[in-house]
Amino acid sequence: MRVTLGFTTYNVERYLPLAFESVLAQDFTDFEVVVCDNRSTDRTWEICREYAARDPRFRIHRNDENLGEAGNFARVVSLARGEFFRLTAHDDLMAPSLLRECVAALDADPGVVCAYPQTVIIDADGNPIGDWDDRLDLSDPSPVRRLAHFAQRWSLLNELFGVIRTDALRRTRLLGQYLSSDARIVAELVLQGRFHAVPSRLFYRRMHPAMTFGGDRTDVMAHHEPHLAMKARKAARRARPGADHQLLIADVMRTFLATADAPLATRIGGAATFGAVAESRRARIRLGRLRRRVTGGTLPKPPWENPDGSLKKESR
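Going by this note's numbering, the sequence shown runs without a break in its numbering and finishes at 1145.
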């Protein structure tokens, strides 16, 4: 088995059939689909059963309880049998050649841990909003320089939806109990090897009001770890601005320091570089916002936001 396409699902009936159809349209066919459902109460599980009955490559599992996104993602990864793994969101789409081109890049270079295509942003109805430039180059031979560049440039983390070597993904700590812990996954992969950017725009990422990161901090924490929902509410009341960002920086720095196969000087230098670059980036973002507020200017908005900062509404 070459590729596992992993789905974590919970009440996602609207877009799930479209995501499954884009999987079945792939011209690279040596894959399995592993779906772990978090006790959905809509038609999600019924849809999963329908596709599993149609195609034996679908392996579907329904959790005994809602494990949250973090626990469900860990379960999907643990069940994967493929040499490569692709996290596949219920609301995104893939061009038919996505798997083929990404697998070819991984086969061509054993030093590459992740191959990811370029991105097109689509709206709730699947209409293109615009091309997205990730502005990332994670191909440098030096893990220190790769991590510094990632700290400087990461944004939507589209790389996480690339095709990843399964053994490399399993060496990460997967999702954590703070916001942006998916950035930690990418950072830990960056430490393990180079990323290859496939030049074709083969990934269609949907931006719509029901996206996970559209909620507030408490909502997102409860989504990741439902058994910690009460703790998340209390923490949200006490949280300092930027607390999750600080957790991310500290966590990645600890990971770099603990990398056993790197010289001590490299580990210390890499951790310090990541921390300094990440803090510098955060300071520039805050300064830019303050400058625009003082001068009466407005921040440039990404294409899926309205001028007031809200997400564009779905057309009815």
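Here a beta-carbon is modelled for each residue, glycine too, at the ideal position from N, C-alpha and C.
With fewer than 16 other Cβ atoms inside 10 Å of its own Cβ, S907 counts as exposed.
The residue from A944, I958, N956 and I950 with its alpha-carbon nearest to that of D966 is A944. Taking C-alpha positions only, L927 is separated from V863 by approximately 18 Å.
In this structure, F990 keeps its C-beta atom at 9 Å or more from the C-beta atom of F1024. Rounded to the nearest angstrom, the gap between the Cα atoms of V992 and F914 is 6 Å.
In the three-state reduction of the DSSP assignment, D1011 falls in the helix class. Taking P1028 as the centre and dropping the five residues before and after it, the same chain places the C-beta of Q947 closer than 7 Å to its C-beta, in chain order. L1076 is the residue among V905, L1076, R999 and R1035 whose C-alpha sits nearest the C-alpha of S1009. The three-state secondary structure of G991, taken from DSSP, is coil. Setting aside the 5 residues that flank it on each side, R831 is surrounded in the same chain by D859, F860, G911, E912, F913 and V932, each with a C-beta closer than 7 Å to its C-beta; the list follows chain order. Residue state for A944 is assigned as strand, using DSSP reduced to three classes. Excluding sequence positions up to five before and after H890, its CB lies within less than 6 Å of the CB of C865, all in the same chain and listed in chain order. L922 and S851 do touch by the CB rule: their CB atoms are close to 5 Å apart, below 8 Å. Judged by DSSP in its simplified three-state form, P972 adopts helix. Taking a contact as a CB-CB distance under 8 Å, the pair I951 and R1035 counts as one, their CB atoms being some 5 Å apart. Between the C-alpha atoms of R886 and L853 there is a straight-line separation of about 10 Å.
Distance between Y880 and F849, taken at the CA atoms: about 8 Å. Counting only runs of 4+ residues, the alpha helix (DSSP H) found wholly inside the region 858-935 occupies 873-883 and 897-908, in chain order. Shown here, V841 sits in coil according to DSSP, grouped into three states, outside any helix or strand.
Contact between V949 and W961 holds, with the beta-carbon distance rounding to 7 Å and staying under 8 Å. Taking a C-beta distance under 9 Å as the contact criterion, R1002 and T1084 qualify as a contact pair.
The shortest C-alpha to C-alpha distance from L985 to any of A1012, Q1006, Q855 and R974 is the one to A1012.
Looking at the DSSP output, T833 sits in a beta bridge with E861 and F914.
Here the alpha carbons of R868 and H919 stand approximately 15 Å from one another. Shown here for R888: same chain residues with a beta carbon closer than 8 Å to its own, the five before and five after excluded, namely E861, V862, V863, V864, A881 and L908 in chain order. Annotation: L834 to R999 spans about 15 Å, alpha carbon to alpha carbon.
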